[in-house]
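Residue numbers (the working numbering): -8 to 129. Everything on this sheet refers to the single structure shown next.
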């Protein structure tokens, strides 16, 4: 079964058994929520629709975006991302991973953001049926 792996440099820290998810975060300066929908494929993470609640410094609304229900909705044509690298520091806050109609902070899988580990990568992977406690699957 294909799912989502979380880790760095190919080392798996956690596995999430979902073929689709939304990545959400709050812009550190403008305090505006961003959301991106992804589909997990063997080639990588395919970005679908994205949404942002407003604009501001360094976060212009993309051309062709439509305002619906208080958010700008748009799509970008990108090749599959494998891996998707995220900056993750205590100062910037954490990301939320949403699937099965629930959102959880990445810290639920990885612990809180740490300055000594300022990044995490997400990629599509075949989930292991593990008998050992690591990597964790949720």
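The C-beta atom is built at its ideal place from N, Cα and C for all residues, glycine as well. Just so we're clear, the structure is a prediction, and the values are computed from it rather than from any experiment.
Taking all protein chains shown into account, do 16 or more other C-beta atoms lie within 10 angstroms of the C-beta of residue -3, making it buried, or fewer, making it exposed?
Here residue -3 refers to the residue found at position 6 when the chain shown is read from its first residue. Its Cβ being crowded by 16 or more others within 10 Å, residue -3 is buried.
Given a threshold of 16 other Cβ atoms within 10 Å of its Cβ, counted over all protein chains shown, does residue 69 qualify as buried or as exposed?
By 1-based counting over the chain shown, the position of residue 69 is 78. The residue is exposed, with fewer than 16 neighbouring Cβ atoms inside 10 Å.
From residue 64 to residue 19, what does the alpha carbon distance come to, in whole angstroms?
Counted from its first residue, the chain shown places residue 64 at position 73. Counted from its first residue, the chain shown places residue 19 at position 28. Spanning the two alpha carbons is a distance of roughly 20 Å.
Can you find the residues in the same chain that come closer than 6 Å, C-beta to C-beta, to residue 105, ignoring five residues on each side of it along the sequence?
Along the chain shown, read from residue 1 onward, the residue named residue 105 stands at position 114. Result list for residue 105: empty, nothing under 6 Å.
Let me check understanding here. Comparing Cα to Cα, which of 84, 30 and 58 lies closest to residue 71?
Within the chain shown, numbered from 1, the residue matching residue 71 stands at position 80. Comparing Cα positions, the closest option is 30.
Near residue 43, what residues of its chain come up, given a Cβ to Cβ distance below 6 Å and the 5 sequence neighbours on each side ignored?
Numbered from its first residue, the chain shown carries residue 43 at position 52. Closer than 6 Å at Cβ, skipping near neighbours: 25 and 63.
Between which two residues does the alpha helix (DSSP H) containing residue 98 stretch?
Position 107 of the chain shown, counted from the first residue, corresponds to residue 98. Counting along the chain, the alpha helix (DSSP H) containing residue 98 begins and ends at 98 to 101.
By how many angstroms is the C-alpha of residue 59 removed from the C-alpha of residue 109?
Taking the first residue of the chain shown as position 1, residue 109 is located at position 118. Taking the first residue of the chain shown as position 1, residue 59 is located at position 68. Rounded to whole angstroms, residue 109 to residue 59 spans 34 Å at the Cα level.
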